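Chains as they are written, first to last, in the numbering used here: chain A, 1169 to 1409; chain B, 1169 to 1409.
Where a beta carbon is used, it is the ideal one built from N, C-alpha and C, also for glycine.
Since this is a predicted model, take the numbers as computed values, not measurements.
Step one of this worksheet: look at the structure below.
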DNA sequence: CTCGGTTTGTTCTCGATTGCACAAACTGCC
DNA sequence: GGCAGTTTGTGCAATCGAGAACAAACCGAG
């Protein structure tokens, strides 16, 4: 859309590739844990659950970090991917909304190990103030701006009920946050330049339900299931005219 | 059952469209709450955060449920989409792994309101047995097969630590579950015919971090930023105001 | 040094998806 | 009844992503 500066050294990595880089990173970590120093694209692809050609093409966007005839050095590649996706620096994060989900997120160990540090838990509910979750005290929501400024927070997580999500997002943007991970089932509207990613639990289930109902329907139509598992045993009685 | 019924024209809905149908459904619900009986594709698209042309094309895969010059009847369209994605029937669901995340999922009200009923919470930890979460007792993991058979469960949710996820998935498939929503940060291997969707919290943050570091880099390259919300060339999937 | 075996990086092709643009169809007014 | 205004449904072009195939590059043996 917008023309980039001519001295743009940042290669433009396709969005689909960006989404897979963390997966590769995790697969490499798993290999390193097993003391594997070098791996082929085939092995790494298997560990990551993707096609090996796709893996090689993805990695080629970062540069030529492999050795033909040999494969990839696990540690070296791990560093390169990590650097590319900003994993070599520590990202301060705030979580707003310390309900069930917010507490689960605060306790999730995968954040810290990947370079994210939760600098504050915020909630508008006065009754939560003073409570500690995962060793971090819950602070009042109104302190958001101060915290963002003080810790240079760029990433915010929203885990409040849907009706409050837009207000929280507005406050985050106002405070200077430019990337938001939204767990509330709402469409957030933010100014350009602010990234929003949405994680919607019920939508994922609904997508599964769609495929599930198609499976049931296909079987009811008399088409034999393609796989030999015979695992599907759904009663399609609920089909209404 | 014949394959030529007028209502089952839904043979080839693109995956990208399927992923958006639940979003449209929620947007329609929001409109209905505001007592809006009819809406144009433009309005609905705005509420769902997508392009109106895309919305119309998506809906056209389901059939011609709009009226030219008028728009879409909110209730009617809501029913049609809901029926298409299997929302008119109730889907029994089991959740395995009642840690922080599992408890948050059990308490999440969005499931029941969208046609999903949690029939059991399972955990291998003996200390959790007897505990109630969201009014549902936690039962031992070994009862999985019986529960799946008894309630005709087709959808399972995995919220156990990564090392246990594959074992749980195997047991689910063995028991007859054919759709899995996986929150564990692991690549699951399942037989063909079984659908797996993955929700990975730290990957989402890492994707945000990638874009964030590019923003910082672009700014450092001399591209002027419009105050805190400097525009960047990357097109977010977020919505513009 | 040369050669066979292996593996990467890249090219090519094809299918999926997006967004535009516009004809078809409907409502309300005169 | 006819017309002006509005909105849907869809053909089309352009872009993006996936996977196969292959030449280039590397290692080790002889």
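Starting from the N-terminal side, write out each stretch of the beta strand (DSSP E) that is 3 residues or longer and does not extend beyond the stretch 1221–1266 of chain B. As summarised for the stretch 1221–1266 of chain B, the continuous beta strand (DSSP E) elements at least 3 residues long and confined to that stretch are 1239–1241 and 1259–1264, given in chain order.
Going by the beta-carbon positions, is the gap between residue 1241 of chain A and residue 1216 of chain A smaller than 8 Å? Contact: no.
Residues near residue 1181 of chain A in its chain [Cβ-Cβ closer than 6 Å; skip 5 each side]: The answer, listed in chain order, is 1229.
Should the stretch 1279–1291 of chain A be called in touch with the stretch 1270–1290 of chain B, which here means at least 3 C-beta pairs below 8 Å? Touching, no.
How would you write the range of the alpha helix (DSSP H) that residue 1370 of chain B sits in, first residue to last? Residue 1370 of chain B -> alpha helix (DSSP H) spans 1369–1388.
So what does residue 1362 of chain B bridge to, in DSSP terms? Residue pairing for residue 1362 of chain B: DSSP places it in no beta bridge.
Over the uninterrupted alpha helix (DSSP H) stretch that includes residue 1202 of chain A, give me the two end residues. Neither: residue 1202 of chain A is in no alpha helix (DSSP H) and is coded neither H nor E.
If you draw a straight line from the alpha carbon of residue 1348 of chain A to that of residue 1357 of chain A, how long is it in whole angstroms? Per the coordinates, the alpha-carbon of residue 1348 of chain A lies some 11 Å from the alpha-carbon of residue 1357 of chain A.
Any beta-carbon of chain B closer than 8 Å to the one on residue 1381 of chain A? With 8 Å as the cut-off, residue 1381 of chain A counts as an interface residue toward chain B.
Determine the contact status of residue 1194 of chain A and residue 1372 of chain B, defining contact as a CB-CB distance below 8 Å. Their beta carbons are not under 8 Å apart, which means residue 1194 of chain A does not touch residue 1372 of chain B by this criterion.
Counted within 10 angstroms of its Cβ, other Cβ atoms place residue 1396 of chain A as buried (16 or more) or exposed: With a pLDDT of 38 at residue 1396 of chain A, under the threshold of 50, the modelled position of this residue cannot be trusted; read the value that follows with caution. Residue 1396 of chain A comes out exposed.
Between which two residues does the beta strand (DSSP E) harbouring residue 1348 of chain A extend? For residue 1348 of chain A, the enclosing beta strand (DSSP E) stretches over residues 1347–1350.
Mind listing which residues of the stretch 1284–1317 of chain B have their C-beta closer than 8 Å to chain A's C-betas, in chain order? For the stretch 1284–1317 of chain B, which is checked against every Cβ of chain A, the residues closer than 8 Å are 1284.
Span of the beta strand (DSSP E), counted from its first residue to its last, around residue 1336 of chain A: Boundaries around residue 1336 of chain A are those of the alpha helix (DSSP H), 1330–1343, since no beta strand (DSSP E) includes it.
Specify the secondary structure class of residue 1291 of chain A as computed by DSSP and reduced to three states. Residue 1291 of chain A falls in the strand class under three-state DSSP.
Please report the straight-line C-alpha distance between residue 1354 of chain A and residue 1237 of chain A, rounded to a whole angstrom. One C-alpha to the other measures close to 50 Å.
The alpha helix (DSSP H) spanning residue 1270 of chain B covers which residue range? DSSP places residue 1270 of chain B inside the alpha helix (DSSP H), whose first and last residues are 1268–1275.
Using alpha carbons as the reference points, say which of B:1336, B:1231 and B:1381 lies closest to residue 1345 of chain B. Closest by alpha carbon: B:1336.
Closer than 9 Å by beta-carbon distance: list the chain B residues that pair up with residue 1353 of chain A, in chain order. Neighbours of residue 1353 of chain A on chain B, chain order: 1194 and 1278.
Counterpart residues of residue 1324 of chain A in DSSP-defined beta bridges: The partner list for residue 1324 of chain A (beta bridge, DSSP) reads A:1262 and A:1348.
Keeping to the same chain, check which residues put their C-beta closer than 8 Å to that of residue 1298 of chain B; ignore five residues upstream and five downstream. By the criterion of a C-beta distance shorter than 8 Å, residue 1298 of chain B is surrounded in its chain by 1305 and 1306, once the five residues flanking it on both sides are discounted.
By DSSP's criteria, residue 1308 of chain B is part of a beta bridge. Which residues make up the other side? As a beta-bridge residue in DSSP terms, residue 1308 of chain B pairs with B:1291.
Hey, quick one: how far does the alpha helix (DSSP H) through residue 1209 of chain A stretch, first residue to last? Residue 1209 of chain A: member of the alpha helix (DSSP H) spanning 1209–1216, first to last residue.
Using a Cβ-Cβ cut-off of less than 8 Å, list which residues of the stretch 1199–1225 of chain A approach chain B; keep chain order. For the stretch 1199–1225 of chain A, which is checked against every Cβ of chain B, the residues closer than 8 Å are 1215, 1216 and 1217.
Using the rule of at least 16 other Cβ atoms within 10 Å of the residue's Cβ for burial, across every protein chain shown, is residue 1342 of chain B buried or exposed? That one is exposed.
Taking residue 1249 of chain A and residue 1189 of chain A to be in contact with their CB atoms under 8 Å, please state how far apart those CB atoms are, rounded to whole angstroms. That pair is a contact at about 5 Å.
DSSP three-state call for residue 1183 of chain B: helix, strand or coil? Helix at residue 1183 of chain B.
Where residue 1318 of chain B sits in the DSSP three-state scheme: Reduced to three states, the DSSP call for residue 1318 of chain B is helix.
On a CA-only basis, which of B:1311, B:1334, B:1302 and B:1287 is nearest residue 1294 of chain B? Give me that one, please. Of the candidates B:1311, B:1334, B:1302 and B:1287, the one whose C-alpha sits nearest the C-alpha of residue 1294 of chain B is B:1311.
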